[in-house]
């Protein structure tokens, strides 16, 4: 049902609970990696495959919310599912605000956890895809010449070739050439396409 | 006997002594009464004030008359009784005023001065009204300087007496001797005032016959009679004070003892309440693992083909975790029942009565009538009074709860005790909603409860306590309805 490369990271100080979660996660064909503490997990490099975290909020040495902050600082955007012995409302609200996918109170229904895991993996997969696409765009943008990089923002901001030529102190024909070359290198099929790409790259002149 | 020559007068020393004794007794009664009036509220206070003022007034009044009767003149003296009554009224009013003043919350110097002015004037009025009641064949002349001195003395002594009474109204132990000292000083002062007043008067012989209408003459025997009656009145006042104080102290002790027991129960309940939170967490942890392992195992089994190896692993872990939860409960029970029992020889009937008095309010509120059939010959048992109280309290409260929904029959609680060869049996029977035979054993399990707000620990702990005492606690359905909870406790002397 899911790609074999997906990973569920389990962080729980209770070894028996860790084992139980491991068994449950493997029973639906997912891969689990177990950690006894948040530090252990943070020592690793951020995962590059779709993944999610299942975390007991009462971790030794670090609270669940502190852990969320650490993740944000390390720029780890892996979705987090919290499980807790006693979920009080304020704590769960804070966790959700800090980007948790789900907040489950022990003992929870297995299906609830598995659903949350699926949801988290989907969103992480989508995120990785978005990030990969962005990386491609950035790579293409990097292949532009300095002059093409100068022309591109002016083109996507809707200026006419004549205006651009005047602004950059060159002929309209040269601008046309740069523009065609940039479109080709960016693999844009139309001006609209190019505008979208510029927006995703966060180029100036694209904010509405 | 020559005219214009002062009559020779003398004092009957015995009667003087009697008058001083009465003055001291009246002062003691006054100090005592001040405390009672202060301690009382509302109607009781008015009663104390009235009774106190009357007995104290009679005391002061009697002191004056006996003092006057002790005064011997060569002519017969009789008394105009309406004036005598008026002087008694002055004595009672001035006593009432004094008692009211010293039983106030606070006493300022101003109040004391104003009070002593009024009180001193009252005593002086009593004295001189009393003298005006004298009817004799003589002319009474007063030395104005000595009269003024006697009134001043009355005021100064009143001030001292008010302060003393205000100070002594606080009722502590070991106050007796100080109170006696205070009474001697005050009584002496009243006597001094009186005899100064008497010295102010001198009597000149007169040939005119006194007006003897509405008069009485008082014999020596009459004097003694007045003295004795007065002493009895004062004695009764002091005795009443003592009895009332004792009664007050007893009810205070009783209230204190009850409050202590309640406090003890409450602190235990509070501890249990605090523990409930940590119990929830301690139990939850293994429980979550049991559930997760169980679910995983079902999923392994549901596979085609089922993965028996994984399923077995998950179930094994589930069993381990369930045992862990069991250990947690055992630990908690040990903790709740341990609380250092003090094993002593105790009377089970007494404990039953303690608990019934403790729960009398709850029983009343629950509309429950209580019947006891306690075996008078039940031998003492060996146990911890507080723990056994807790067990009976728990069973009684359960009974009240079980009867709270009963409307078609009387809510009756019957507590019996009976002796057996080696033990004492206590039975607590209610007419409540009864007991499902299937539940009869389950109700003793921890966390099993039939009450919406129940923790499910009461009966479980009760059973642990009784078993720790070497007894047995069990439940069975009542004959027609309700339930019977009973337990045995081994006799104190019979070693088990």
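Residue numbers (the numbering used here), protein chains in the order written: chain P, 81 to 288; chain B, 4 to 499.
Positions of the beta carbon are idealized from the N, C-alpha and C atoms, including for glycine.
Quantities reported herein were computed from a predicted structural model and do not represent experimental measurements.
Fill in: Cβ neighbour criterion (16 or more within 10 Å) applied to residue 305 of chain B
Counting from 1 along the second chain, the entry for residue 305 of chain B is found at position 302. Burial state of residue 305 of chain B is exposed, judged by a 10 Å Cβ sphere holding fewer than 16 other Cβ atoms.
Discussion item. Give me the DSSP bridge partner(s) of residue 218 of chain B.
Written reply: Within the second chain, residue 218 of chain B is the residue found at index 215, counting from 1. In the DSSP output, where bridge partners are listed per residue, residue 218 of chain B has B/83.
Discussion item. In this structure, how does DSSP classify residue 435 of chain B when only helix, strand and coil are distinguished?
Written reply: In the second chain, counting from the first residue as 1, residue 435 of chain B sits at position 432. If DSSP states are grouped into helix, strand and coil, residue 435 of chain B belongs with coil.
Discussion item. Tell me which residues share the same chain as residue 98 of chain B and place their Cβ nearer than 6 Å to its Cβ, disregarding the 5 neighbours each side in the sequence.
Written reply: As a first step, residue 98 of chain B is located in the second chain; it is residue number 95 there, counting from the start. Closer than 6 Å at the Cβ level, and outside the excluded window around residue 98 of chain B, lie 56, 59 and 60.
Item to complete: Could you say which of P/186, P/255 and P/162 lies nearest to residue 177 of chain P if we only look at CA atoms?
Response: Walking along the first chain from the start, residue 177 of chain P turns up at place 97. For the options P/186, P/255 and P/162, the alpha carbon positioned closest to that of residue 177 of chain P is the one of P/162.
Worksheet item: For residue 81 of chain P, is the classification buried or exposed, using 16 other Cβ atoms within 10 angstroms of its Cβ as the cut-off for buried?
Response: Within the first chain, the letter at position 1 stands for residue 81 of chain P. Here the model assigns residue 81 of chain P a pLDDT of 47, short of 50, so the residue's position is not dependable and the matter cannot be decided.
Worksheet item: Mind checking if residue 302 of chain B is an interface residue toward chain P, Cβ cutoff 7 Å exclusive?
Response: Start at 1 with the first residue of the second chain, and residue 302 of chain B comes out as number 299. Yes, because at least one Cβ of chain P sits closer than 7 Å to the Cβ of residue 302 of chain B.
Practice prompt. Give a yes or no on contact between the stretch 205-212 of chain B and the stretch 39-49 of chain B, applying the rule of three or more CB pairs nearer than 8 Å.
Written response: No: fewer than three Cβ pairs fall under 8 Å.
Worksheet item: For residue 418 of chain B, which beta-bridge partners are listed by DSSP?
Response: Taking the second chain and counting its residues from 1, the one referred to as residue 418 of chain B is at position 415. Answer is B/375 and B/431.
Worksheet item: What's the call for residue 118 of chain B, buried or exposed, on a 16-neighbour Cβ count within 10 Å?
Response: For the purposes of this step, residue 118 of chain B is taken as residue 115 along the second chain, with counting starting at 1. Per the 10 Å Cβ criterion, buried.
Fill in: Span separating the alpha-carbon of residue 405 of chain B from that of residue 448 of chain B
On the second chain, position 402 is the one that residue 405 of chain B refers to. On the second chain, position 445 is the one that residue 448 of chain B refers to. One Cα belongs to residue 405 of chain B, the other to residue 448 of chain B, and the distance between them is close to 18 Å.
Item to complete: Answer with yes or no whether the minimum CB distance from residue 324 of chain B to chain P is below 7 Å.
Response: The count along the second chain starts at 1 and reaches residue 324 of chain B at position 321. It does: the Cβ of residue 324 of chain B has a partner Cβ on chain P nearer than 7 Å.
Item to complete: Can you have a look at residue 189 of chain B and say buried or exposed, based on whether 16 or more other CB atoms are within 10 angstroms of its CB?
Response: Walking along the second chain from the start, residue 189 of chain B turns up at place 186. Flag for residue 189 of chain B reads buried.
Worksheet item: Is there at least one Cβ from chain C nearer than 7 Å to residue 290 of chain B's Cβ?
Response: Absence of chain C from the displayed structure is noted, the protein chains being P and B.
Practice prompt. Run down chain B in chain order and give the residues with a C-beta less than 7 Å from the C-beta of residue 99 of chain P.
Written response: Taking the first chain and counting its residues from 1, the one referred to as residue 99 of chain P is at position 19. Here the neighbours are 320.
Fill in: residue 9 of chain B - containing beta strand (DSSP E), residue span
Numbered from its first residue, the second chain carries residue 9 of chain B at position 6. That residue, residue 9 of chain B, is in no beta strand (DSSP E); it is neither H nor E in DSSP.
Discussion item. According to DSSP, simplified to helix, strand and coil, what is residue 52 of chain B?
Written reply: Counting from 1 along the second chain, the entry for residue 52 of chain B is found at position 49. Three-state DSSP puts residue 52 of chain B in a helix.
Worksheet item: Which value, in whole angstroms, describes the spacing of the CA atoms of residue 325 of chain B and residue 427 of chain B?
Response: Here residue 325 of chain B refers to the residue found at position 322 when the second chain is read from its first residue. Here residue 427 of chain B refers to the residue found at position 424 when the second chain is read from its first residue. In a straight line, the C-alpha of residue 325 of chain B is about 38 Å away from that of residue 427 of chain B.
Practice prompt. Ignore the nearest five residues each way along the sequence and tell me which others in residue 384 of chain B's own chain have a CB closer than 7 Å to its CB.
Written response: Counting from one through the second chain, the residue named residue 384 of chain B turns up at place 381. Within the same chain, residue 384 of chain B has close Cβ partners 349, 351, 427, 492, 493, 494 and 495.
Worksheet item: Any Cβ of chain B within less than 7 Å of the Cβ of residue 190 of chain P?
Response: Residue numbering aside, residue 190 of chain P sits at position 110 when the first chain is read from its first letter. For residue 190 of chain P, the answer is yes, since a Cβ of chain B falls inside 7 Å of its Cβ.
Worksheet item: Which residues, in order along the stretch 100-120 of chain P, keep a beta-carbon less than 9 Å from a beta-carbon of chain B?
Response: 100, 101, 102, 103, 104, 105, 106, 107 and 108
Worksheet item: To which residues does DSSP link residue 111 of chain P through a beta bridge?
Response: Residue mapping note: residue 111 of chain P aligns to position 31 of the first chain, counting from 1. Answer is P/87, bridged to residue 111 of chain P.
Worksheet entry | residue 229 of chain B versus residue 43 of chain B: straight-line alpha-carbon distance, rounded | In the second chain, the residue the question calls residue 229 of chain B occupies position 226. In the second chain, the residue the question calls residue 43 of chain B occupies position 40. Cα to Cα, residue 229 of chain B sits roughly 30 Å from residue 43 of chain B.
Worksheet item: Which first and last residues belong to the beta strand (DSSP E) in which residue 386 of chain B is found?
Response: As a first step, residue 386 of chain B is located in the second chain; it is residue number 383 there, counting from the start. Unbroken beta strand (DSSP E) run through residue 386 of chain B: 384-386.
Item to complete: Per DSSP, which residues does residue 133 of chain P bridge with? Please list them.
Response: Counted from its first residue, the first chain places residue 133 of chain P at position 53. Its beta-bridge partners are P/89 and P/160.
Worksheet item: Once you ignore the five residues that flank residue 152 of chain B on each side, which residues in its own chain have a CB closer than 7 Å to its CB?
Response: Here residue 152 of chain B refers to the residue found at position 149 when the second chain is read from its first residue. Correct list, in chain order: 199.
Fill in: Residue interval of the alpha helix (DSSP H) (run including residue 24 of chain P)
No answer is possible for residue 24 of chain P: the residues shown for chain P start at 81 and end at 288.
Worksheet item: Can you list, in chain order, the residues of its chain whose CB lies under 7 Å from that of residue 217 of chain B, leaving out five sequence neighbours each side?
Response: For the purposes of this step, residue 217 of chain B is taken as residue 214 along the second chain, with counting starting at 1. Excluding sequence neighbours, residue 217 of chain B sits near 83, 84 and 85.
Worksheet item: Does the beta-carbon distance from residue 34 of chain B to residue 168 of chain B come in below 7 Å?
Response: Position 31 of the second chain, counting from 1, holds the residue named residue 34 of chain B. Position 165 of the second chain, counting from 1, holds the residue named residue 168 of chain B. Closer than 7 Å, so yes.
Worksheet item: Would you say residue 159 of chain P reaches chain B, if we count a Cβ-Cβ gap shorter than 7 Å as a contact?
Response: Position 79 of the first chain, counting from 1, holds the residue named residue 159 of chain P. No, no contact with chain B.
Worksheet item: Nearest to residue 73 of chain B by CA position, among B/219, B/30, B/227 and B/101, is which residue?
Response: Numbered from its first residue, the second chain carries residue 73 of chain B at position 70. When only C-alpha atoms are compared, the closest one is B/227.
Worksheet item: Taking all protein chains shown into account, do 16 or more other C-beta atoms lie within 10 angstroms of the C-beta of residue 67 of chain B, making it buried, or fewer, making it exposed?
Response: In the second chain, residue 67 of chain B corresponds to position 64, counting from 1. Buried.
Item to complete: Can you grab the Cα-Cα spacing for the pair residue 209 of chain P / residue 445 of chain B, in whole Å?
Response: Indexing the first chain from 1 puts residue 209 of chain P at position 129. Indexing the second chain from 1 puts residue 445 of chain B at position 442. Linking residue 209 of chain P to residue 445 of chain B through their CA atoms gives a straight-line distance of about 57 Å.
Practice prompt. Decide if residue 4 of chain B is buried, meaning its Cβ has at least 16 other Cβ atoms within 10 Å, or exposed.
Written response: Along the second chain, one-based indexing puts residue 4 of chain B at 1. Interpretation of residue 4 of chain B is limited by its pLDDT of 43, a score under 50 that renders its predicted location unreliable; the figure taken from the coordinates is listed afterwards. Result: exposed.
Item to complete: State the CB to CB distance for the pair residue 396 of chain B and residue 362 of chain B, rounded to an integer number of angstroms; the pair is presumed to be in contact (CB under 8 Å).
Response: Within the second chain, the letter at position 393 stands for residue 396 of chain B. Within the second chain, the letter at position 359 stands for residue 362 of chain B. About 7 Å; that satisfies the 8 Å criterion.
Worksheet entry | Beta-carbon contacts of residue 1 of chain B that lie in its chain and below 6 Å, excluding the five residues immediately before and after | No information on residue 1 of chain B is available, as it lies outside the stretch 4 to 499 that chain B covers here.
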